[in-house]
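Here's the structure we're looking at; comments come further down.
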Amino acid sequence: MSKRKLGRGVAVAGYGMSKFGVLPGLDCRDMFVDAFKDLVNSVDKGLDPKDVEANYVGCCGAWNWEAQAGIAKWCTDWANLVPIPSTTIDNACASASVAIRNGIIGIASGLYDVVLAGGVEKMTTLPTEGTTLVLATGADKTWECYAGYTFPGLYATMATAHMNEYGTTPEDLMAVAIKNHNNGAINPVAQMPNTITQIMEQRQARAREKGKPVPGWVTEMDFLHDDQYNPMVAWPLRLFDCCPITDGAACVLLVAEDIAKNFTDTPIYVTGTGQASGRALHSRDTLTSIPASQIAAKQAYEMAGVGPADIKIAEVHDCFTIAEVMAISDLGFFKPGKDAATAAAEGKTARDGIKPINTSGGLKCKGHPVGASGAGMIGEVFHQMRGEAGARQVPNMDVNLAMTHNVGAHGTTVVVQIYERR
Amino acid sequence: MSKRKLGRGVAVAGYGMSKFGVLPGLDCRDMFVDAFKDLVNSVDKGLDPKDVEANYVGCCGAWNWEAQAGIAKWCTDWANLVPIPSTTIDNACASASVAIRNGIIGIASGLYDVVLAGGVEKMTTLPTEGTTLVLATGADKTWECYAGYTFPGLYATMATAHMNEYGTTPEDLMAVAIKNHNNGAINPVAQMPNTITQIMEQRQARAREKGKPVPGWVTEMDFLHDDQYNPMVAWPLRLFDCCPITDGAACVLLVAEDIAKNFTDTPIYVTGTGQASGRALHSRDTLTSIPASQIAAKQAYEMAGVGPADIKIAEVHDCFTIAEVMAISDLGFFKPGKDAATAAAEGKTARDGIKPINTSGGLKCKGHPVGASGAGMIGEVFHQMRGEAGARQVPNMDVNLAMTHNVGAHGTTVVVQIYERR
Amino acid sequence: MSDMPFTATSFDKLCGEKKLMATRCKDCGKVELPPRPICTGCNSQNIEWTELNGKGKIVSFTVIGVGPWTMISEGYDRNNPYCSGIVEVEEGPRISTQIMGVDVANPENIKVGTPVTADFVERGSFSLVPEVANVRKTYLVFKAS
Amino acid sequence: MSDMPFTATSFDKLCGEKKLMATRCKDCGKVELPPRPICTGCNSQNIEWTELNGKGKIVSFTVIGVGPWTMISEGYDRNNPYCSGIVEVEEGPRISTQIMGVDVANPENIKVGTPVTADFVERGSFSLVPEVANVRKTYLVFKAS
Ligand SMILES: [Zn+2]
Ligand SMILES: [Zn+2]
């Protein structure tokens, strides 16, 4: 296979999102409408909804969480965009990125000029056990779930392998959570807008108020080692190694390159896109990297004509801390093993580090409404590349080239995309 | 919106399907593999699986019927096509057509040359009540299902409106079933390969064997009016107005026009594609046609540069008999009302009629594995256009231009595609 | 009520208070039932709640024997079918609804155009998942007068 | 057995007979567990069943407190967690499996490379839908020796 180019350039001209969090009373279409309204407001030169020609919506679990199939068409309807084609895509936690990639392809094909694409997820309708089970259906039900596997369990198995192969420590993983909380704490749209220190202090204050023994944590690592406050979810992963359960929707406005300036003076161009599939965990040659990430990244780099060193910032899939460690080596930013595992602890992936990763706070803090998360990632790079990230804006760096990396399930789908601001 | 053209031509070069029917012991990926194997065998000049670059799979209910989300990637895996991008699409009963349309768009964009696309559904794991409910989630759960609506109920409401507005009779609808059974009876891959007469005779013979009173039906209409043997499902629709519940998978091989002859000397070119969304039934201006069908058809006709009179044969969505009546007027083949309602009874849509419709036997007889049905439709036109339909080959007609029309849910998604043999 | 979002949850809550509420576009006046956050007439987001008088007429209908769980659990089955249909309310919009008080044993006797009035019933929900299915709520229905 | 399709259903049926069966490519010899209808080594469809000796070793693992329903219904929970992991069988391939007979209270004591042997247990199924969840079947598990 030779290098692939899209037949026509595509740009991101707008971004919108609903609240991310526990949103009682709002169903998928309600949240999608909130995201769509926010998107319309984000388009600098205005968007006439009548110009939108197609809607691609990622969603993983509405079939079970909401007893509603084919959610895209109801989102289209409630946004008053009928009769445009509406396509519901389920690629687990990469659903929104696959939806967006298909929107990009739709424009590249010449069929559309203006496409709405994103995702939505309503996850808090069931108790945690039910949500765990619905999420697990994204893995191989027959050959993984029957073995007792849950999503935290699958990533935990990769963490165990990483520790065994490279000497990675639980503290290396905790450092990823600390870094992402540092970013999320200054992200006004984050579900968990607090540093670990702030969370510690809140817990201590609450204990003090209730007249209970006040935990004597001094450092964030003290807190993260506390079995009561940071319990084991799937050994060796603890609660703070895991992203929260989130309701939310997010979407982007994709437009053909030649008309992008009609919508904004600062569009973000999609210069590379890659998508790959992976097998069940037990059928892979490695447990310490995600092969589909490497393949999707290679496709995106080749299409964009750039390499890992050229990427200024990246939003990568950190549903679990170990996922970020694997991502930053699979994407070529750090060497596999120790180099990747210690990048957060050494400040290399901080906002002021050599390769800022997940400046939004990542899925860990921003929240992970699974079908929508890939769109949320693009939101962060859209804002960073346009200098609109406020307190999170990375310092001393012109963010003219950025990447999103979205993993479906435990690596059975990966989408990598590269964006350029010209 | 001006007329749209695809940036690059696309052809169908192969077709495969699993058995359609009740297939105990086979899950979605098993059936998809059967369809894929059949597809590989169908490619005249051979297909090296390594040349397949993407897989789009439609599926409506695996989330509930099989507790497996994101089925595309597991189909890709079991067909040994990892790591190609795999996308799961849920647009209710139009899922396979939306999957195929996105495969077409993928090739048109320049990103792919060879794409596998189709669908799969495993519907017989639950009792009828459960299956009814899973299907209903394709409608508007909040505003239709809560009102007691099921899928037969929604189409029955359209039938009631059609009868009220145009004087359409139950016998007009029964004539559609009789015609489709006449076609399905000579389709070796049909789930119900029998004429109504054959079914009558089987039932009479069975009664005779068991020493029970033998029903005295003389005509097919006698049988179809028998409340015991053709019970009411949702008034005015009876059992034989409804398609069966079906397990099955089907897929097509899509290739770029410029390389189509590498695969076969008789590719079928996709010259028009249209897709539209529709609202819930109560929010439409009409109950006697499906607006999204008309819009999707207009797009497809404009892209192909042809009109209804040019189409030689069509596979249209006949999940219920009333659906075929509405389809053949929405697509412009017959006038709305009496003309469309009586077309089957008058033989106009028979194999030797002026506009043969559903020569395969339609969903009614071929079977309706909901997520796969759109691919099955293309199979029939593929065979008819290549003169490979055997006993079903339409007489005295060069089938060089054909159409597929696939409705998701009760018209919330419609895909119309036009094919040309050059 | 003025601060209730234009959602199904709000509508359900209002049904629980036996109020049949629609949304109304403050710009073009279009009344929407089901309620909507964006006007289908003019795309306005300038929406308010408005109470309906509960009167309407049957636009079309069916009689169903095998319904979803929410109906099965109420005792409806092949021998005890129910009528669902589309009702147009006097204020204009149409909604899907169960229609009570009609001759379900003889559907040919049910006439399009029959006047109906709103009523409310309480039932379980719509899902294969018991945690969701067992949540009870108030449903809008219509009754032939 | 030679005529059993290369499906999960066949594998389950064979588990019910306490047979741990894999598939083997007749062209290139590759053994596959889980069984597969198409060889991942050479794309051949020329496949046969082959019985495994049931011996393997732990490749990686985790210990889970909140499992899917199929585990919850067996009594596993935060206070009674279980170990799931990946086992490489002597014949080559790897499979996900529950691993019994390991120190789940002290996961740091569970070692990659520990030898295990196949065993079979009976349980309910994996679904939120009771009709599916309540179907019992025989599962392959591995036990630390
Ligand atoms: Zn208005
Ligand atoms: Zn082989």
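Residue numbers (this note's numbering), protein chains in the order written: chain A, 25 to 446; chain B, 25 to 446; chain C, 1290 to 1434; chain D, 1290 to 1434. Cβ atoms here follow ideal geometry from the backbone N, Cα and C, with glycine treated the same way. Computed from a predicted structure; not experimentally measured.
Item: Continuous beta strand (DSSP E) assignments of at least 3 residues falling wholly in the segment 1362-1401 of chain D; Value: 1371-1378 and 1383-1389
Item: Near-chain D residues of the segment 33-64 of chain B - C-beta to any C-beta below 7 Å; Value: Gly-49, Leu-50, Asp-51, Asp-54, Val-57 and Lys-61
Item: Lining residues of ligand 1 - beta-carbon closer than 6 Å to any non-hydrogen atom, in sequence order; Value: C:Cys-1314, C:Asp-1316, C:Cys-1317, C:Lys-1319, C:Cys-1328, C:Gly-1330, C:Cys-1331 and C:Ser-1333
Item: Local Cβ density within 10 Å of Glu-244 (chain B), reported as buried at 16 or more and exposed below that; Value: buried
Item: Inter-residue spacing [alpha-carbon to alpha-carbon] between Glu-189 (chain A) and Asp-68 (chain A); Value: 50 Å
Item: Cβ-Cβ distance between Val-144 (chain A) and Leu-150 (chain A) below 8 Å; Value: no
Item: Same chain, Cβ closer than 6 Å to Phe-357 (chain A), neighbours up to 5 away in sequence not counted; Value: Pro-332 and Lys-379
Item: Beta-carbon contacts of Ser-121 (chain B) that lie in its chain and below 6 Å, excluding the five residues immediately before and after; Value: Gly-398, Asn-430 and Val-439
Item: Other residues of its chain near Val-1352 (chain D): CB distance less than 6 Å, five sequence neighbours each side excluded; Value: Pro-1370, Cys-1372, Val-1393 and Pro-1396
Item: Where Gly-177 (chain A) sits in the DSSP three-state scheme; Value: helix
Item: Sub-8 Å separation of Cys-84 (chain A) and Ala-93 (chain B) beta-carbons; Value: yes
Item: Rounded separation between Lys-1302 (chain C) and Pro-1324 (chain C) - CA only; Value: 13 Å
Item: Under 8 Å from the C-beta of Gly-432 (chain A): neighbouring residues of chain D; Value: None at all; the shortest Cβ gap to chain D is about 18 Å.
Item: Any chain D beta carbon closer than 8 Å to Thr-149 (chain B); Value: yes
Item: N-terminal and C-terminal residue of the alpha helix (DSSP H) that Ser-1299 (chain D) is part of; Value: 1297-1305
Item: The segment 99-116 of chain A: positions lying closer than 9 Å to chain B by Cβ; Value: Thr-100, Asp-101, Leu-105, Val-106, Pro-107, Ile-108, Pro-109, Ser-110, Thr-111, Thr-112, Ile-113, Asp-114, Asn-115 and Ala-116
Item: 8 Å Cβ cutoff, Arg-1425 (chain D) in contact with chain A; Value: no
Item: Presumed contact (8 Å Cβ cut-off) between Thr-155 (chain A) and Ile-269 (chain A), rounded CB distance; Value: 6 Å
Item: Below-8 Å beta-carbon distance, Val-1405 (chain D) vs any chain C residue; Value: no
Item: Val-1265 (chain C), buried or exposed, once every other Cβ within 10 Å from all chains shown has been counted against 16; Value: Nothing about residue 1265 (chain C) can be reported from this structure: the residues present for chain C run from 1290 to 1434 only.
Item: Three-state secondary structure assigned by DSSP to Glu-1321 (chain C); Value: strand
Item: Buried versus exposed, by CB contacts within 10 Å (16 or more), Asp-289 (chain A); Value: exposed
Item: For Phe-1300 (chain C) and Val-23 (chain B), the rounded distance between their alpha carbons; Value: As shown, chain B starts at 25 and ends at 446. That puts residue 23 (chain B) outside it, with no answer to give.
Item: Nearest-angstrom Cα separation, counted from Lys-61 (chain A) out to Ser-1333 (chain C); Value: 11 Å
Item: Sequence-distant residues of the same chain with beta carbon closer than 6 Å to Val-138 (chain A), five excluded per side; Value: Asp-75, Val-76, Glu-77 and Val-279
Item: Cβ-Cβ distance between Ile-128 (chain B) and Gly-142 (chain B) below 8 Å; Value: no
Item: 8 Å contact criterion, which Ser-301 (chain A) and Val-106 (chain B) should meet: CB distance rounded; Value: 5 Å
Item: Range covered by the alpha helix (DSSP H) that runs through Ile-1336 (chain D); Value: That residue, Ile-1336 (chain D), is in no alpha helix (DSSP H); its beta strand (DSSP E) goes 1336-1340.
Item: Distance between beta carbons of Ser-110 (chain B) and Thr-437 (chain A), contact taken as under 8 Å; Value: 7 Å
Item: Residue interval of the alpha helix (DSSP H) (run including Lys-1308 (chain C)); Value: Note, Lys-1308 (chain C): premise wrong, no alpha helix (DSSP H); not H, not E.
Item: Contacting residues, own chain, Cβ-Cβ under 7 Å from Thr-112 (chain B) (five flanking each side not counted); Value: Val-81, Cys-83, Gly-94, Ile-95 and Ala-96
Item: CB contact below 8 Å: Thr-436 (chain A) versus chain B; Value: yes
Item: Own chain, CB closer than 6 Å to Thr-219 (chain A), minus 5 neighbours either side, in chain order; Value: His-205, Asn-206 and Ala-209
Item: Below-8 Å beta-carbon distance, Val-1418 (chain D) vs any chain C residue; Value: yes
Item: Contacts of Arg-1313 (chain D) in chain A (Cβ-Cβ under 8 Å); Value: Result: empty, since nearest Cβ-Cβ is about 16 Å, beyond 8 Å.
Item: Short CB-CB distance (under 8 Å) between Ile-1336 (chain C) and chain B; Value: no
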